[in-house]
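Undergrad: Residue numbers (full-length UniProt numbering), protein chains in the order written: chain A, 1 to 303; chain B, 1 to 336.
This is the structure I have questions about; it appears just below.
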Amino acid sequence: MSADTERGNVREWMSDVDLRWVKRKNRLFHIALVGASLFGVVMLALLIADVILDTLIGVVVFEIDIGTFLTRAGSSDWANAGFLGAMIGSAWLLVFTLFFSFFLGVGTAVYLEEYAPDTRTTRLIEANLTNLAGVPSVVYGLLALGVFVNAMRLGPILIAGALALALLVTPIVIVASQEALRAVPDGMRNGSLATGATQWQTVRGVVLPSAMPGIVTGTILALARAIGETAPLLMVGTVWGMRHYPGPFDRFGAMPTQIYEWAFLPEIELQYLAAMGIAVLMTILLAMYGVAFFVRNRYERSY
Amino acid sequence: MSTETGPDSEIIGDGADADRRRNRRVRRLLFGCTSITVLTTVAIFAVLFDNAFHFFYDVRFHEWLVGLVTEFRLVPEQRVAITEFLLDTEWRPSHADDPRFGILPLAAGTLLITVGAAFVSIPIGTATALYLSEYARPGTRKYLKPTLEVLAGVPTIVYGFFALTFITPNIIGPLAAALGQDVGRFSALSGAIVVGIMTIPMVASISEDAMSAVPDELRNGAYALGASKYTVSTSVVLPASISGIMASYILAVSRAIGETMAVALAAGVTPRLTANPFAEIQTMTAFMVDSTRSTMLVGSVEYQSLFAVGLALFVMTLAANLVNDYVKRSYREEYR
Numbered sequence: 001m002s003a004d005t006e007r008g009n010v011r012e013w014m015s016d017v018d019l020r021w022v023k024r025k026n027r028l029f030h031i032a033l034v035g036a037s038l039f040g041v042v043m044l045a046l047l048i049a050d051v052i053l054d055t056l057i058g059v060v061v062f063e064i065d066i067g068t069f070l071t072r073a074g075s076s077d078w079a080n081a082g083f084l085g086a087m088i089g090s091a092w093l094l095v096f097t098l099f100f101s102f103f104l105g106v107g108t109a110v111y112l113e114e115y116a117p118d119t120r121t122t123r124l125i126e127a128n129l130t131n132l133a134g135v136p137s138v139v140y141g142l143l144a145l146g147v148f149v150n151a152m153r154l155g156p157i158l159i160a161g162a163l164a165l166a167l168l169v170t171p172i173v174i175v176a177s178q179e180a181l182r183a184v185p186d187g188m189r190n191g192s193l194a195t196g197a198t199q200w201q202t203v204r205g206v207v208l209p210s211a212m213p214g215i216v217t218g219t220i221l222a223l224a225r226a227i228g229e230t231a232p233l234l235m236v237g238t239v240w241g242m243r244h245y246p247g248p249f250d251r252f253g254a255m256p257t258q259i260y261e262w263a264f265l266p267e268i269e270l271q272y273l274a275a276m277g278i279a280v281l282m283t284i285l286l287a288m289y290g291v292a293f294f295v296r297n298r299y300e301r302s303y
Numbered sequence: 001m002s003t004e005t006g007p008d009s010e011i012i013g014d015g016a017d018a019d020r021r022r023n024r025r026v027r028r029l030l031f032g033c034t035s036i037t038v039l040t041t042v043a044i045f046a047v048l049f050d051n052a053f054h055f056f057y058d059v060r061f062h063e064w065l066v067g068l069v070t071e072f073r074l075v076p077e078q079r080v081a082i083t084e085f086l087l088d089t090e091w092r093p094s095h096a097d098d099p100r101f102g103i104l105p106l107a108a109g110t111l112l113i114t115v116g117a118a119f120v121s122i123p124i125g126t127a128t129a130l131y132l133s134e135y136a137r138p139g140t141r142k143y144l145k146p147t148l149e150v151l152a153g154v155p156t157i158v159y160g161f162f163a164l165t166f167i168t169p170n171i172i173g174p175l176a177a178a179l180g181q182d183v184g185r186f187s188a189l190s191g192a193i194v195v196g197i198m199t200i201p202m203v204a205s206i207s208e209d210a211m212s213a214v215p216d217e218l219r220n221g222a223y224a225l226g227a228s229k230y231t232v233s234t235s236v237v238l239p240a241s242i243s244g245i246m247a248s249y250i251l252a253v254s255r256a257i258g259e260t261m262a263v264a265l266a267a268g269v270t271p272r273l274t275a276n277p278f279a280e281i282q283t284m285t286a287f288m289v290d291s292t293r294s295t296m297l298v299g300s301v302e303y304q305s306l307f308a309v310g311l312a313l314f315v316m317t318l319a320a321n322l323v324n325d326y327v328k329r330s331y332r333e334e335y336r
């Protein structure tokens, strides 16, 4: 066979694979992927723009006074309605959610990582945790309604709402704490145990201090989830049209439930109040993320 | 730590004993914490079942058990037939004259939202994951990933507000007008889109984890044969990470089923058995939060219906989570 025909064959074979078409397909696919990835970014930008725009309309067009908004409880009159009652409700909820979920979550994580034997029971407990994290938040509200509000006769008070939120975010605290504990190298544990320390002394004196930044970061993120949760609080039974500053044992409302009320009702002015409420909520969330980020960068050591 | 090292060995011995006792006490205490998580699951199921029983019969389940033992009261009186609950096509629990308790309209609403949301989150989430794992430069990744995390961290009530004040008037309205459909303040499509948007980060991040776990040897083998990036992405990476991708889809569906506030604000408060995406509907979750606006007597059928719907919701998400667990477990060891 001559070299010419051979080259011809190769060229024919090459032409089966149309390189230009391959390249064009590759580029089109790339563009499609970029477009899809940008979709999420664009939606986030639109969402933020929508909230800011509605806040501005509320302030400029409807002349809702920001000072009044931030320093008064709710009112039946939109022009005098404030957000402070809801903010105080959320603050109390945050305090009690932290109190209920932190020790429970960290205790569980320490048991699972430091003490638990690798048995079928332990694996079952871990599987149960992933399942709990997937239970819809409204179901936690039903649990609180059935157990705390009605069976234990607490009534629809703030503490019952905080218990619902605490049960909801405890799995998040546990998983974050487990990750932080796992990041502590075994050499540190063994060093402590070799000096004759008991397991608890090792955990308290060596493991927990090293894992604490990770645990704190995870807890703040869990609280950030809790502060935006609406459905469990509604199920416990929040006040519609709240006009007081709630304490721990009062009937209550919080920032997200107040926003829901304003957004749900058809009066157009209330929509702008809702936007202002969201602006406050998102600012607080942003601050919490900032603190979590700071703790992680400032105190977390990698081994 | 608290054990002082002194010359007196007896003191050390006593201290060590006390330390060991404390260690055991702490261990028991921590085990107590852990058992609360198990107790939570048991309590969720028990409370839902106990109260849902009271929806179908005139007593709660545990009251019926007590009655069975003490008074031999065998058959409880029926309030709502289970067949009515599962097959009736009307849901109006607080209707004064003719209350009807068919969960189908609520379940259909949930299905409509879930399927619609999947049409948004699955293609876009998968594409985002492929872009992050195969195409994006490290600099782009550094910005795109935190943005997705922020998207995942926005409270659901804010998404509801976004749907109500942006998506419905600016996207659904013109679309409905173009198609000659009527659309009001609420529509199923608006709810589906917004739930889809909020589940994108979930699909993207879990799928990307799965794609990043595909070893580079597989990619390099394909590149060595002259494959383009497109071929590698679609014919090597996607099939190799399909189990993780599927797991992310199942989680997104489970999340969409349980999503409450965005749907309550976007899709409406009218239970309706329809497939029209422009219609106002009500999902199971939206019914639950909407019913809290009216006062209900504990033990009334309306109050107990919350728990019957909640039980149905819990069973659906539990099934999704178990399937997800199974998918993850049966394919986990693939590349290790």
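Beta carbons are placed, not taken as given, at the ideal position from N, Cα and C, and that holds for glycine.
(1) Counting only Cβ-Cβ distances shorter than 8 Å, please list the residues of the segment 16 to 29 of chain B near chain A, keeping chain order.
(2) From this set, B:M261, B:R20, B:Y57, which residue's C-alpha is nearest L164 of chain B's C-alpha?
(3) Nearest chain D C-beta to E179 of chain A closer than 9 Å, yes or no?
(4) Does the separation of the CB atoms of I125 of chain A and V173 of chain A fall below 9 Å?
(5) If I measure Cβ to Cβ from G205 of chain A and keep anything under 8 Å in the same chain, skipping five residues before and after, which residues do I get?
(6) Tell me, to the nearest whole angstrom, how far the beta carbon of G105 of chain A is from that of N321 of chain B; I am working on the premise that it is less than 8 Å.
(7) How far does the alpha helix (DSSP H) with W262 of chain A in it reach, from first residue to last?
(8) Nearest-angstrom Cα distance between V154 of chain B and L286 of chain A?
(9) Is N51 of chain B close to chain A? Criterion is C-beta to C-beta, closer than 9 Å.
(10) Which residue from B:T128, B:D58, B:R255, B:L311 puts its Cα closest to that of I103 of chain B?
(11) At a CB-CB cut-off below 9 Å, which residues of chain A make contact with V47 of chain B?
(12) Can you give me, in chain order, the residues of the segment 40 to 56 of chain A that have a beta carbon less than 8 Å from any beta carbon in chain B?
(13) Quick one: give me the first and last residue of the alpha helix (DSSP H) that A32 of chain A is part of.
(14) Cα-Cα, which of A:L281, A:G155, A:G187, A:Q271 is closest to V61 of chain A?
(15) Is it buried or exposed for L144 of chain B, if we count other Cβ within 10 angstroms and need 16 for buried?
(16) Who are the near neighbours of P171 of chain A in its chain, counting only those whose CB is closer than 6 Å to its CB and skipping five residues on each side?
(17) Distance check for L53 of chain A and E90 of chain B, CA to CA, integer angstroms please.
(18) Which residues share a DSSP beta bridge with T157 of chain A?
(19) When the cut-off is 9 Å and only beta carbons count, does G160 of chain B lie next to chain A?
(20) Closer than 8 Å is the cut-off here; do at least three beta carbon pairs connect the segment 177 to 191 of chain A with the segment 137 to 154 of chain A?
(21) Determine the burial state of Q78 of chain B: buried for a count of at least 16 other Cβ atoms within 10 Å of its Cβ, exposed for fewer.
(22) Under 9 Å Cβ-Cβ, which residues of chain A neighbour K229 of chain B?
(23) Please list the terminal residues of the continuous alpha helix (DSSP H) segment that includes M261 of chain B.
(24) State the Cα-Cα distance for the pair L158 of chain A and F249 of chain A, rounded to the nearest angstrom.
(25) For chain B, find out if any of its Cβ atoms is closer than 9 Å to the Cβ of E229 of chain A; answer yes or no.
(26) For G226 of chain B, count the other beta carbons within 10 Å of its own beta carbon; 16 or more makes it buried, fewer makes it exposed. Which is it?
(27) Using a threshold of 9 Å, state whether the C-beta atoms of M288 of chain B and A107 of chain B are closer than that.
(28) What's the gap between the Cα of A81 of chain B and the Cα of I206 of chain B?
(29) Would residue 386 of chain A pass as an interface residue toward chain B - the criterion being a Cβ-Cβ separation below 9 Å?
(30) Report, in whole angstroms, the separation of the C-beta atoms of V207 of chain A and V184 of chain A, which I expect to be a contact under 8 Å.
(31) Does the beta-carbon of I268 of chain A have 16 or more other beta-carbons within 10 angstroms, so that it is buried, or is it exposed?
(32) Taking CB distances under 9 Å as the criterion, tell me whether S2 of chain A reaches chain B.
(33) Could you tell me if F101 of chain B is buried or exposed, where buried requires 16 or more neighbouring beta carbons within 10 angstroms of its beta carbon?
(34) When the Cβ atoms of the segment 63 to 77 of chain B are set against those of the segment 237 to 249 of chain B, are three or more pairs found closer than 8 Å?
(35) Which whole-angstrom value describes the C-beta separation of I172 of chain B and S187 of chain B, a residue pair presumed to lie in contact below a C-beta threshold of 8 Å?
(36) Where does the unbroken alpha helix (DSSP H) through T126 of chain B begin, and where does it stop?
TA: Considering the structure as presented:
(1) A16, D19, R20, R22, N23, V26, R27, L29
(2) B:M261
(3) Absent here is chain D; the protein component of the structure consists of chains A and B.
(4) no
(5) S192, A197
(6) About 20 Å separates the two Cβ atoms, so there is no contact after all.
(7) 255 to 264
(8) 10 Å
(9) yes
(10) B:L311
(11) L142, L143, L145, G146, V147, A151
(12) G40, V41, M43, L44, L46, L47, D50, V51, D54
(13) 19 to 60
(14) A:Q271
(15) buried
(16) L129, L132, A133
(17) 40 Å
(18) Here residue 157 of chain A is Ile; the residue named in the question, Thr, does not match the sequence. I157 of chain A is bridged to A:R251.
(19) yes
(20) no
(21) exposed
(22) N26, F29, H30
(23) 261 to 266
(24) 6 Å
(25) yes
(26) exposed
(27) no
(28) 42 Å
(29) No statement about residue 386 of chain A is possible, as the shown extent of chain A runs from 1 to 303 and does not include it.
(30) 5 Å
(31) exposed
(32) Residue placement at S2 of chain A is poorly supported in this model, since its pLDDT is 48, which falls under 50; the coordinates are not used for a value here.
(33) buried
(34) no
(35) 6 Å
(36) 104 to 130
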